[in-house]
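Student: This note's numbering numbers the first residue of the first sequence as 1 and each following residue consecutively. Every residue gets a Cβ at the ideal spot worked out from N, C-alpha and C, and that includes glycine.
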Amino acid sequence: MNQAAEQVYAALLAIPAGRLCSYGDIAKLAGLPGRARWVGRLLSQLPTNSQLPWFRVINSQGKISFPPASSNYERQLRELIREGSAEASGKILWRQCRWP
DNA sequence: GACTTGACGGAAT
DNA sequence: TATTCCGCCAAGT
């Protein structure tokens with residue numbers, strides 16, 4: 001198994017509920033600074049039944065990286081609302097993640 | 001083996 | 001503050 005991928009998964013699981021994190025942050029935490037795009041591609045390969053909190057990952061603009069019309073967008077937004085990280089209107093409540 | 005693509009980031013303008 | 005542009009690198013074609 002890819003060591004870097006494991007690090008990314010670990011970083012995802014380390015995101016506290018109610019917190020959001022950017023792709024760049026995840027990449028950095030995984031020991032891959034500047035590989036945000038790779039993280040995005042990795043997440044795109046996750047199965048829909050994955051237990052990983054991929055929905056806590058947004059882009060550096062503090063927005064969901066899906067077209068507002070996509071089912072993925074709605075699914076992610078719903079999860080964020082459930083955790084209090086977003087409003088029903090679609091407004092994202094940016095909570096920057098910081099690790100020790 | 002070369003070219004394109006992508007759930008991005010960051011600097012430059 | 002908002003856009004535009006370029007760099008990055010693994011996968012897919």
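Taking C-beta to C-beta, are Gln-7 and Ala-27 nearer than 7 Å?
Tutor: Taking 7 Å as the Cβ cut-off, Gln-7 and Ala-27 do not qualify as a contacting pair.
Student: Can you tell me the Cα-Cα spacing of Ala-14 and Ser-70, whole angstroms?
Tutor: About 27 Å.
Student: Output yes or no for whether 7 Å exceeds the beta carbon distance between Ala-5 and Tyr-23.
Tutor: No, they are not a contact pair.
Student: How many angstroms separate the CA atom of Ser-65 from the CA atom of Ile-58?
Tutor: Roughly 6 Å separates the two Cα atoms.
Student: With distances taken Cα to Cα, identify the nearest neighbour of Gly-62 among Gln-3, Pro-53 and Ala-86.
Tutor: If we check each option's Cα against that of Gly-62, Ala-86 comes out closest.
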